[in-house]
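Trainee: The structure under discussion is supplied below as structure tokens; questions concerning it will follow.
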Amino acid sequence: MQRKLISGIIGIFIALLIGAIIMLLQGYDPLQTYGALFNFSLFGLFPFATTLRNSVPLILTGLSASVAFASGPINLGQPGQLLMGALFATIGGLYFDLPPWLMIPVLLLLSMLGGALWSGVAAMLRKWFNMDEFITTLMLNMIADFFTFWAISYPFFDRSAYSPMTPQINTKGWLPIWGEFNSNVIVMILAFAVIYFVFNRLTAGYEWRITGHNSLFARLGGVKIDKNYVTVMLVTGALAGLAGGLVVMAGPHRFLKGLGANYAWDGVMIAVVANNGLIGTLLYGLFFSALQTGSLGMELITAVPKEFIMVLQAVIVLVIVAGRGYLDIFLDKTVAKRKARERTT
Amino acid sequence: MNIITGLINGMISGATPILLAALGGTFTFYAGIFNIAMEGMMLAGAFFAVLGSYYFDSWLMGIVCAILGSLLMAVIFIFFAVTLKTDEFVTGIALNLFALGATTYMLRQIFNVKGAFSNPGIVPIPRIHIPLLNQIPVIGEILSGQNLIVYITLLVVFISAFVIFKTRFGLRLRAAGYNAPSLDSSGVSSAKIHIWSLIICGVLCGLAGAFLSLGYVTLFSENMSAGRGWISLAAVILVNGNPWGIALISLLFGFTDGLGLLLQQYMPSQFTSMVPYVATLIALYFYSIQARKRKV
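What follows is the structure in structure tokens.
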């Protein structure tokens with residue numbers, strides 16, 4: 000744990016340094032830029048609340064990827080599952096009219112159903128035809144992209160709008176906002192707690208982890224690999240779908256084109272940096288959200304365009320992941336050296 | 000008749016970028032690298048192609064810049080995956096997102112636009128009209144008048160098949176993927192073979208990118224590779240890396256691409272755009288059925 004923290008902090012530091020060098024080369028002031036970046040994302044109530052709100056889709060898709068990768072399935076379908084979840088929640092929000100205390104859970108469940116349905120397709124293709132989920136989920140992403148685009152252009156199109164989008168969902172399905180604080184964070188924390196508990200405390204989670212670690216050992220130990228595979232796919236799909244539903248219910252309250260943005264791929268990156276650890280996913284998700292939230296302020300104060308953050312994120316991922324392996328070798332070496340010295344004296 | 004030639008020409012231009020990237024991917028496939036960075040390399044190639052073509056007023060410089068841009072991605076991949084031994088999957092994902100971020104960023108920094116850059120100043124790669132062939136009625140329209148890159152691609156298929164199966168480098172390439180330690184112990188550095196395969200992949204993906212932004216259309220838009228790198232990866236896996244198989248599969252995907260355009264008269268364009276991806280799933284289905292039969 001401590002080692003992870005050290006390698007993370009060192010990695011982020013080095014990545015920020017590389018970012019500073021890129022900025023210097025282009026004639027920007029790195030200190031001012033980073034100052035603006037974190038001023039607009041962490042310091043102050045409103046910036047921090049915005050960072051928290053924006054972190055929700057990142058953390059949930061990251062969690063989806065983490066759980067999937069740690070349990071074996073290479074589910075890369077978060078982008079498609081997020082979109083399907085968002086579409087399901089939107090459709091529910093358009094046609095249902097229930098009191099809020101019932102409406103919100105129903106929409107959340109619908110979004111999870113949408114995501115699980117889409118990952119379920121990949122899971123079934125794997126189960127019945129032994130098709131590699133790594134490629135099928137990627138293809139399903141593109142198909143979901145076009146399908147939701149069609150859905151908001153024709154059947155659920157808002158006739159008063161000029162670009163493809165649905166009408167706003169029923170106000171009873173809007174997530175409550177208290178001051179600066181958006182309640183989507185609560186849903187995220189609940190989902191995180193449930194997943195953390197299942198993954199670390201229940202037999203099911205133990206089986207998933209063992210399967211991800213060594214599937215042969217798990218199978219010999221009596222774990223039903225196939226059944227667990229489908230469960231993990233459905234659960235991770237539901238998580239990504241939930242992310243999509245929350246995006247709709249907390250933000251624009253409708254499905255508009257480009258809704259999914261890059262959340263899901265960022266989530267996959269977060270899972271990768273966190274080495275599929277759940278707490279790591281939470282922390283890196285917050286950090287990435289801080290970067291993205293601050294990028295708007297950065298663009299406002301300095302001349303650095305906000306797209307720079309996308310570059311910085313990829314640099315952070317590469318540096319941390321590459322550094323992790325190297326740091327381990329380095330630390331092991333120092334420990335071994337110290338031991339060797341103790342033996343000789 | 001016009002529909003058929005149109006369909007075939009659509010098939011060829013749809014297949015070209017996928018085929019080029021997949022041929023690049025097959026070199027790394029044989030070398031035993033899990034390379035999923037074709038998407039990013041292609042995107043970088045497409046961007047730098049427009050950059051070079053626009054600033055040097057020459058499509059040739061466009062191609063050169065595309066290859067250099069794509070090679071830059073390959074060099075980053077080599078640095079992390081081969082030198083630092085970072086996980087290849089992680090490197091690939093990060094690199095794809097890096098390419099997406101960097102091209103979007105540079106699109107704004109250099110051309111001051113968001114979304115897409117198109118300008119009459121971008122010189123497209125010319126179509127080649129072959130003198131005698133273009134006299135033949137129907138076949139002439141297909142064999143002649145294709146984009147230069149299409150002919151290069153055809154050449155690359157032959158060269159790739161030859162290099163991989165008939166040369167010493169090809170033997171070592173396959174050995175690196177088959178059993179790297181034994182290649183190392185026979186005195187050939189497998190790391191070096193990995194590096195060369197990635198460089199070749201970079202060059203070919205650069206060409207693919209140049210075709211996308213200077214041949215298929217004459218503009219650069221954000222994320223314009225649109226999953227073609229992933230389809231090419233699927234193509235490589237489907238035929239276990241065989242260049243001839245890849246050519247066939249790519250033509251099939253190109254055909255579905257052209258078919259999608261044709262079907263646009265009958266159904267919404269969103270559904271016709273899905274066709275290549277659905278075709279990939281169907282191809283994968285037949286592949287796994289076959290694989291299962293082989294096992295039994």
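Going down the list, the sequences are from chains S and E. Just so it is clear: in the first sequence, position 266 is 265 by numbering that gives the first Met the number 0, and no numbers are missing. Just so it is clear: in the second sequence, position 26 is 25 by numbering that gives the first Met the number 0, and no numbers are missing. All residues carry an ideal CB built from backbone N, CA and C; glycine is no exception.
What is the residue span of the alpha helix (DSSP H) that L75 (chain S) lies within?
Mentor: Here residue 75 (chain S) corresponds to residue number 76 of the first sequence, with the count starting at 1. Here L75 (chain S) belongs to no alpha helix (DSSP H), and DSSP marks it neither H nor E.
Trainee: I need the DSSP call for A115 (chain E), collapsed to helix, strand or coil.
Mentor: One-based indexing of the second sequence puts residue 115 (chain E) at position 116. A115 (chain E): strand per DSSP, three-state reduction.
Trainee: Can you have a look at I163 (chain E) and say buried or exposed, based on whether 16 or more other CB atoms are within 10 angstroms of its CB?
Mentor: Your numbering for residue 163 (chain E) matches position 164 in the second sequence. I163 (chain E) should be labelled buried.
Trainee: On the three-state DSSP scale, how would you describe W173 (chain S)?
Mentor: For the purposes of this step, residue 173 (chain S) is taken as the residue at position 174 of the first sequence. W173 (chain S): coil per DSSP, three-state reduction.
Trainee: If you measure between the beta carbons of Q312 (chain S) and R253 (chain S), is that distance less than 8 Å?
Mentor: Position 313 of the first sequence, counted from the start, is the residue given in the question as residue 312 (chain S). Position 254 of the first sequence, counted from the start, is the residue given in the question as residue 253 (chain S). Not closer than 8 Å, so no.
Trainee: Report, in whole angstroms, the separation of the C-beta atoms of A36 (chain E) and L250 (chain E), which I expect to be a contact under 8 Å.
Mentor: Counting from one through the second sequence, the residue named residue 36 (chain E) turns up at place 37. Counting from one through the second sequence, the residue named residue 250 (chain E) turns up at place 251. Incorrect: roughly 24 Å between the Cβ atoms, too far for contact.
Trainee: Taking a contact to mean a Cβ-Cβ separation below 8 Å, would you say G383 (chain S) touches G266 (chain S) in this structure?
Mentor: For residue 383 (chain S) there is no data in the structure shown, the boundaries of chain S being 0 and 344.
Trainee: Would you say M273 (chain E) reaches chain S, if we count a Cβ-Cβ gap shorter than 8 Å as a contact?
Mentor: Locating residue 273 (chain E) in the second sequence gives position 274, where the first residue counts as 1. Yes - at least one Cβ of chain S is within 8 Å of the one on M273 (chain E).
Trainee: Cβ closer than 8 Å: which chain S residues qualify as neighbours of A207 (chain E)?
Mentor: One-based indexing of the second sequence puts residue 207 (chain E) at position 208. Listed by position along chain S, the residues whose Cβ is nearer than 8 Å to that of A207 (chain E) form an empty set, because the closest Cβ is around 18 Å away.
Trainee: On the CB-based measure, 16 or more other CB atoms within 10 Å of its CB, does V49 (chain E) come out buried or exposed?
Mentor: Counted from its first residue, the second sequence places residue 49 (chain E) at position 50. So V49 (chain E) counts as buried.
Trainee: Give, in chain order, every residue of the stretch 102 to 130 of chain E whose Cβ lies closer than 7 Å to some Cβ of chain S.
Mentor: T103, Y104, R107 and Q108
Trainee: Since F39 (chain S) and T333 (chain S) should fall inside the 8 Å C-beta cutoff, what is the C-beta to C-beta distance between them, to a whole number of angstroms?
Mentor: By one-based count along the first sequence, residue 39 (chain S) stands at place 40. By one-based count along the first sequence, residue 333 (chain S) stands at place 334. About 40 Å; that fails the 8 Å criterion.
Trainee: Go ahead and label L137 (chain S) buried or exposed: buried means 16 or more other beta carbons lie within 10 angstroms of its beta carbon, across all protein chains shown.
Mentor: Looking up residue 137 (chain S) in the first sequence gives position 138. Burial call: buried.
Trainee: Along chain S, which residues have their Cβ under 7 Å away from the Cβ of V277 (chain E)?
Mentor: Here residue 277 (chain E) refers to the residue found at position 278 when the second sequence is read from its first residue. Those are I142, listed as they occur along chain S.
Trainee: Using the C-alpha atoms, what's the distance from T152 (chain E) back to A335 (chain S)?
Mentor: Walking along the first sequence from the start, residue 335 (chain S) turns up at place 336. Walking along the second sequence from the start, residue 152 (chain E) turns up at place 153. Taking the Cα positions, A335 (chain S) is about 53 Å away from T152 (chain E).
Trainee: For W243 (chain E) and chain S, any beta-carbon pair shorter than 8 Å?
Mentor: As a first step, residue 243 (chain E) must be located in the second sequence, where it is residue number 244. No, W243 (chain E) lies away from the interface with chain S (no Cβ there is under 8 Å from its Cβ).
Trainee: Just how far apart, CA to CA, sit G39 (chain E) and I13 (chain S)?
Mentor: As a working note, residue 39 (chain E) is residue 40 in the second sequence. As a working note, residue 13 (chain S) is residue 14 in the first sequence. Going from the Cα of G39 (chain E) to the Cα of I13 (chain S) covers about 23 Å.
Trainee: Give the C-beta separation of I210 (chain E) and P16 (chain E) to the nearest angstrom, bearing in mind that I take them to be a contact with Cβ-Cβ under 8 Å.
Mentor: As a first step, residue 210 (chain E) must be located in the second sequence, where it is residue number 211. As a first step, residue 16 (chain E) must be located in the second sequence, where it is residue number 17. Looking at the sequence provided, one finds Phe at residue 210 (chain E) rather than Ile. 5 Å between Cβ atoms; contact.
Trainee: Hey, does K84 (chain E) have any beta-carbon neighbour from chain S nearer than 8 Å?
Mentor: Indexing the second sequence from 1 puts residue 84 (chain E) at position 85. For K84 (chain E), the answer is yes, since a Cβ of chain S falls inside 8 Å of its Cβ.
Trainee: Using the beta-carbon of each residue, which ones in chain S are nearer than 7 Å to I92 (chain E)?
Mentor: Numbered from its first residue, the second sequence carries residue 92 (chain E) at position 93. V267, M268 and V271, listed in chain order.
Trainee: Under 6 Å Cβ to Cβ from F28 (chain E), same chain only, skipping five residues before and after it: list those, please.
Mentor: Position 29 of the second sequence holds residue 28 (chain E). Counting only Cβ-Cβ distances below 6 Å, and skipping sequence neighbours, we find V235 and G240.
Trainee: Let me know if R126 (chain E) comes out buried or exposed under the rule of 16 or more other beta-carbons within 10 Å of its beta-carbon.
Mentor: Numbered from its first residue, the second sequence carries residue 126 (chain E) at position 127. The residue is exposed, with fewer than 16 neighbouring Cβ atoms inside 10 Å.
Trainee: Just to confirm, is the Cβ distance from S69 (chain E) to C204 (chain E) under 8 Å?
Mentor: On the second sequence, position 70 is the one that residue 69 (chain E) refers to. On the second sequence, position 205 is the one that residue 204 (chain E) refers to. Yes. Within cutoff.
Trainee: How would you label F45 (chain S), buried or exposed, when you count the other beta carbons within 10 angstroms and need 16 or more for buried?
Mentor: The residue given as residue 45 (chain S) occupies position 46 in the first sequence. When all chains shown are included, F45 (chain S) counts as exposed.
Trainee: Can you check whether the C-beta of G253 (chain E) is within less than 8 Å of a C-beta belonging to chain S?
Mentor: In the second sequence, residue 253 (chain E) corresponds to position 254, counting from 1. Chain S, which has no Cβ nearer than 8 Å to the Cβ of G253 (chain E), makes this no.
Trainee: With a cut-off of 8 Å on the beta carbons, I'd call G240 (chain S) and A143 (chain S) a contact; round off their distance for me.
Mentor: Within the first sequence, the letter at position 241 stands for residue 240 (chain S). Within the first sequence, the letter at position 144 stands for residue 143 (chain S). The Cβ separation is near 11 Å, so there is no contact.
Trainee: G119 (chain S) and L106 (chain S) - do their beta-carbons sit closer together than 8 Å?
Mentor: Translated into the one-based positions of the first sequence, residue 106 (chain S) becomes position 107. Translated into the one-based positions of the first sequence, residue 119 (chain S) becomes position 120. The answer is no: Cβ separation not under 8 Å.
Trainee: From L62 (chain S) to V55 (chain S), what distance separates their C-alpha atoms?
Mentor: On the first sequence, residue 62 (chain S) is found 63 positions in, with the first residue counted as 1. On the first sequence, residue 55 (chain S) is found 56 positions in, with the first residue counted as 1. Spanning the two alpha carbons is a distance of roughly 10 Å.
Trainee: Report back the beta-carbon spacing between A121 (chain S) and G76 (chain S) to the nearest angstrom; my notes put them in contact at under 8 Å.
Mentor: Looking up residue 121 (chain S) in the first sequence gives position 122. Looking up residue 76 (chain S) in the first sequence gives position 77. Rounded, the Cβ-Cβ distance is 6 Å, consistent with contact.
Trainee: When the cut-off is 8 Å and only beta carbons count, does G91 (chain S) lie next to chain E?
Mentor: Here the question's residue 91 (chain S) lines up with position 92 in the first sequence. So no, G91 (chain S) is outside the interface.
Trainee: Which same chain residues end up closer than 6 Å to T50 (chain S) when comparing Cβ atoms and leaving out the 5 residues on each side of it in sequence?
Mentor: By one-based count along the first sequence, residue 50 (chain S) stands at place 51. The beta carbon of T50 (chain S) is closer than 6 Å to those of S40, S288, A289 and T292 in its chain, skipping five residues each way along the sequence.
Trainee: Got a sec: is the Cβ-Cβ distance from I194 (chain E) to anything in chain S below 8 Å?
Mentor: Residue numbering aside, residue 194 (chain E) sits at position 195 when the second sequence is read from its first letter. I194 (chain E) does not count as touching chain S.
Trainee: For chain S, check one thing: does any of its Cβ atoms lie closer than 8 Å to the Cβ of S224 (chain E)?
Mentor: Your numbering for residue 224 (chain E) matches position 225 in the second sequence. No, because no Cβ of chain S sits closer than 8 Å to the Cβ of S224 (chain E).
Trainee: Is there contact between the stretch 178 to 197 of chain E and the stretch 74 to 81 of chain E, where contact requires at least three CB pairs shorter than 8 Å?
Mentor: yes
Trainee: In the DSSP assignment, find the alpha helix (DSSP H) that holds K3 (chain S) and state where it starts and stops.
Mentor: Numbered from its first residue, the first sequence carries residue 3 (chain S) at position 4. That run of the alpha helix (DSSP H) goes Q1 to L24.
Trainee: Residues in the stretch 283 to 294 of chain E with C-beta within 9 Å of chain S's C-beta atoms, listed in sequence order?
Mentor: Of all residues in the stretch 283 to 294 of chain E, L283, Y284, Y286, S287, I288, A290 and R291 have a Cβ within less than 9 Å of some Cβ in chain S.
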